[in-house]
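Okay, so here's the structure we're looking at.
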Amino acid sequence: MLKFVGVILLSSVAMYIGSQIHVPIPGLPVPLTLQTLFCILLPLVFGKPFASIGIGLFLVFGALGLPVFAGNSGGYEYFTGNSGGYLMGFLVASLLTWKVKSDKRLLRLAYVFLEFVILQLVILFGGALWISFGVPNWEILIGPFILPLLIKALLGTALLELTKSALFRKHSVQQL
Numbered sequence: 003m004l005k006f007v008g009v010i011l012l013s014s015v016a017m018y019i020g021s022q023i024h025v026p027i028p029g030l031p032v033p034l035t036l037q038t039l040f041c042i043l044l045p046l047v048f049g050k051p052f053a054s055i056g057i058g059l060f061l062v063f064g065a066l067g068l069p070v071f072a073g074n075s076g077g078y079e080y081f082t083g084n085s086g087g088y089l090m091g092f093l094v095a096s097l098l099t100w101k102v103k104s105d106k107r108l109l110r111l112a113y114v115f116l117e118f119v120i121l122q123l124v125i126l127f128g129g130a131l132w133i134s135f136g137v138p139n140w141e142i143l144i145g146p147f148i149l150p151l152l153i154k155a156l157l158g159t160a161l162l163e164l165t166k167s168a169l170f171r172k173h174s175v176q177q178l
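The opening position of the sequence shown corresponds to residue 3 in our numbering, with each subsequent residue numbered one higher.
Here it is, written out as structure tokens:
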């Protein structure tokens with residue numbers, strides 16, 4: 003039980019840390035953050051139910067006004083404003099993660115990379131759809147995020163492989 007509570011709290015803290023690492027993008031109402039990386043990586047490392055609960059808890063903290071979002075901000079207006087689609091996309095993406103099983107390491111890494119890309123696109127399109135009512139050009143909403151999305155997918159794939167390898171050696175946990 004204590005392990006599950008730890009995973010939930012660690013997931014919330016990781017999402018907070020990911021929100022504080024943000025880069026404003028000129029002309030866009032939302033910054034680039036590492037939250038998309040963590041909301042996919044955490045369920046893959048720790049298991050979907052408890053990591054997703056932690057991500058949901060992070061969102062609840064933010065909705066209640068705790069300063070957990072980018073720039074130490076918070077409040078329910080983030081869910082009704084430009085960030086709303088992205089925030090809800092974090093939880094959706096965490097619930098859509100899947101375990102990739104393959105004996106071939108290169109194939110497994112390619113599948114994990116593809117999973118990171120697909121799930122980040124879910125978040126990106128959810129967020130873009132949410133704010134597209136005020137911005138007529140989807141290229142403006144999607145384009146600036148594509149290269150960072152691919153970089154985060156590579157980083158997430160590497161982090162997952164390193165984490166799983168370390169856990170496998172230390173605790174004999176089944177690898178991906």
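Note that CB positions come from ideal geometry on N, CA and C, so glycine has one too.
Exercise for the section: Just list the alpha helix (DSSP H) runs in the stretch 114-144, keeping only unbroken ones of 4 residues or longer that don't cross its boundaries, in chain order. Expected result: When DSSP assignments are scanned along the stretch 114-144, no uninterrupted stretch of alpha helix (DSSP H) that is 4 or more residues long falls wholly within it.
Exercise for the section: Could you have a look at T99 and say whether DSSP puts it in helix, strand or coil? Expected result: coil
Handout entry: L43 versus A95 - alpha carbon distance
Key = Between the alpha carbons of L43 and A95 lies a distance of about 10 Å.
Practice task
State the Cα-Cα distance for the pair G49 and F71, rounded to the nearest angstrom.
Solution key: 24 Å
Handout entry: Alpha carbon of G76 to alpha carbon of L98, nearest angstrom
Key = 25 Å
Exercise for the section: Compare the Cα-Cα distances from I238 to each of S14, M3 and L89 and report the closest residue. Expected result: The question about residue 238 has no answer here: the residues shown for the chain are numbered 3 through 178.
Problem - Boundaries of the alpha helix (DSSP H) in which P263 is found, first to last residue - result: Since the first residue shown for the chain is 3 and the last is 178, residue 263 is missing from the structure and cannot be characterised.
Practice task
Return the CA-CA distance between Y18 and P146, expressed in angstroms with no decimal places.
Solution key: 23 Å
Practice task
Take F52 as the anchor and find which of E117, L109, S167 and I10 has the nearest alpha-carbon.
Solution key: I10
Exercise for the section: Could you say which of A65, I142, F63 and S54 lies nearest to P31 if we only look at CA atoms? Expected result: If we check each option's Cα against that of P31, I142 comes out closest.
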